[in-house]
Amino acid sequence: MSGIYILCIGFKGFFVRKLFIIGLSVIAPVMALYAEVDEEHDNFNHVHEESIDGDEFDVDTIRFNEFINGLSDMKVAIVSVNGMVCDFCARGIEKTFKRNSEVLKVDVDLGKGKVLIAFSKGTRIDFEYISRKILENGQMATKLAVLELQ
Amino acid sequence: MGIRILAIAFFFQSVNLESRPISYPGGSTIMGFSNHLKESIYYHYSPSYKYSVGVENLKNKYYKTNLSYLRLTYLLKRTNTKNSQLNIYFQSGIRFDKFHDSFFGLRGDWETRRWYVDFNYKELETNNLTNTDQYYQAGFAPYLGEYGDLHTWVMLKTRRNSLTKKWSAYPVIKFFKGDLLFESGYSRDNEWDIHLMYRF
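Below, the structure written as structure tokens:
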């Protein structure tokens with residue numbers, strides 16, 4: 001990548017520069033595709049579907065209790081996400097899940113790198129679905145726990 | 001609806017922004033930027049997190065011209081870790097009315113919840129003259145806000161445009177809350193450097 005940057009600075013000729021723009025415009029989507037494959041591969045290596053049990057899954061309990069306050073008869077997906085380092089990065093995740101009519105509520109815990117999603121009780125929640133939605137936003141889901149609350 | 005769009009456009013007319021060049025899938029972003037060399041308004045739409053397409057209308061204060069670009073930004077590489085994210089983007093633009101006027105460049109950033117660094121390099125062809133614009137900045141968050149809070153970043157930015165042929169360094173402060181971001185810096189050379197961004 002640094003090579004491309006140095007080339008960018010170095011090109012001074014008009015036609016060379018145009019060729020460079022066209023070349024990068026072709027190469028860029030290919031590289032972007034490669035990046036996606038790379039991320040999916042990373043995902044595959046990090047899939048751990050676990051059940052939450054006390055402190056085994058690192059969740060901010062105060063935040064979690066506030067989240068479920070007023071909700072009943074539902075499932076809560078607790079998703080660990082890599083790359084969710086800022087509020088702006090997490091906005092897309094919230095908006096994506098809120099488009100799903102089975103989603104009742106979404107919260108983001110930036111400190112713990114977790115997304116909490118409340119689904120209606122009958123919803124089938126699996127890691128593949130959650131991971132795909134997170135990846136659509138450019139982040140990586142690494143762990144999922146599902147709690148069923150009465 | 002039309003009045004709302006006009007109001008938003010007016011609100012952003014004096015500014016332009018280059019932060020976050022790609023939004024979430026299906027997301028639109030309107031940005032504004034203003035410094036001593038240009039004022040611009042830039043709208044883009046992101047079909048996926050990998051790229052965005054948009055239109056930028058800018059007033060070039062140096063050449064005293066108004067230009068409109070069709071812009072394209074690709075995410076070349078993203079690396080996510082538990083506590084950080086790295087992005088490298090390719091950006092390009094071509095003028096609607098003069099196809100040989102264009103620009104291309106690279107942009108990259110790395111951030112954690114506490115630290116942030118980024119760079120931007122752009123080469124522009126305007127009226128058969130070439131100029132480059134580049135900046136580098138680094139900063140930190142003085143406190144770690146929760147989701148939905150007002151977030152604040154304090155940064156140091158260094159910038160050079162080949163038209164002015166000199167580097168300048170100046171402090172920048174950035175605030176964002178929800179879908180709205182505001183960033184501003186000031187130096188004697190660049191005067192006010194203001195960015196605004198709104199996502200929807």
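Just so you know, the sequences run in chain order A and B.
Residue numbering for the first sequence follows the working numbering, beginning at 1 and increasing consecutively.
Residue numbering for the second sequence follows the working numbering, beginning at 1 and increasing consecutively.
Glycine is no exception: its CB is placed at the ideal position from the N, C-alpha and C atoms.
Within chain A, the residues whose beta carbon sits less than 8 Å from that of residue 83 (chain B) are 85, 113, listed in sequence order. Chain-order list of chain B residues neighbouring residue 138 (chain A): 49, 78, by C-beta distance under 7 Å. For residue 138 (chain A) against residue 51 (chain B), the beta-carbon gap comes to about 11 Å, at or over 8 Å, which does not count as contact. Less than 7 Å divides the Cβ of residue 116 (chain B) from the Cβ of residue 139 (chain B). Here residue 183 (chain B) is bridged, per DSSP, to B:174, B:195.
In the pairwise beta carbon analysis, the stretch 54-64 of chain B is classified as not touching the stretch 83-92 of chain B: fewer than three pairs are separated by under 8 Å. Proximity of the stretch 162-180 of chain B to the stretch 124-135 of chain A falls short of the contact definition, fewer than three beta-carbon pairs being nearer than 8 Å.
Annotated three-state conformation of residue 129 (chain A) is helix, per DSSP. For residue 80 (chain A) and residue 143 (chain A), the gap between their C-alpha atoms comes out near 5 Å. Residues of the same chain with a CB within less than 7 Å of the CB of residue 45 (chain B), apart from the 5 flanking positions on each side, are 28, 52, 53, 54 in chain order. For residue 113 (chain B), the C-beta contacts it makes with chain A under 9 Å involve 85, 86, 110, 111, in order along the chain. Sequence-distant partners of residue 163 (chain B) (beyond 5 residues in either direction) whose C-beta falls short of 6 Å from its own C-beta, in its chain, are 62, 131. In the same chain as residue 108 (chain B), and ignoring 5 residues on each side of it, the C-beta atoms closer than 6 Å to its own belong to 88, 119, in chain order.
Counted as a single uninterrupted DSSP element, the beta strand (DSSP E) harbouring residue 152 (chain B) occupies residues 151-161.
For the set A:94, A:116, A:128, A:68, the Cα lying nearest the Cα of residue 150 (chain A) is the one of A:68. Residue pairing by DSSP puts residue 107 (chain B) in a beta bridge opposite B:89, B:120. Distance from the CA of residue 106 (chain A) to the CA of residue 42 (chain B), rounded to the nearest whole angstrom, comes to 30 Å. Measuring C-alpha to C-alpha distances from residue 120 (chain A) to each of A:59, A:75, A:141, A:60 identifies A:75 as the nearest.
Of the residues assessed, residue 154 (chain B) falls on the exposed side of the cut-off, its CB having fewer than 16 other CB atoms within 10 angstroms. For residue 87 (chain A), the uninterrupted alpha helix (DSSP H) segment begins and ends at 87-98. Shown here, residue 22 (chain B) sits in coil according to DSSP, grouped into three states, outside any helix or strand. For residue 102 (chain A), there is no enclosing beta strand (DSSP E), as DSSP gives it neither H nor E. The CB of residue 144 (chain B) comes closer than 8 Å to the CB of 110, 111 in chain A, given here in chain order. Within its own chain, the residues whose Cβ lies closer than 6 Å to the Cβ of residue 160 (chain B), once the five positions on either side in sequence are excluded, are 134, 167, listed in chain order. Against residue 90 (chain A), the close residues of chain B are 147, in the order they occur along the chain (beta-carbon pairs closer than 9 Å). DSSP places residue 81 (chain B) in the coil class of the three-state scheme, outside both helix and strand.
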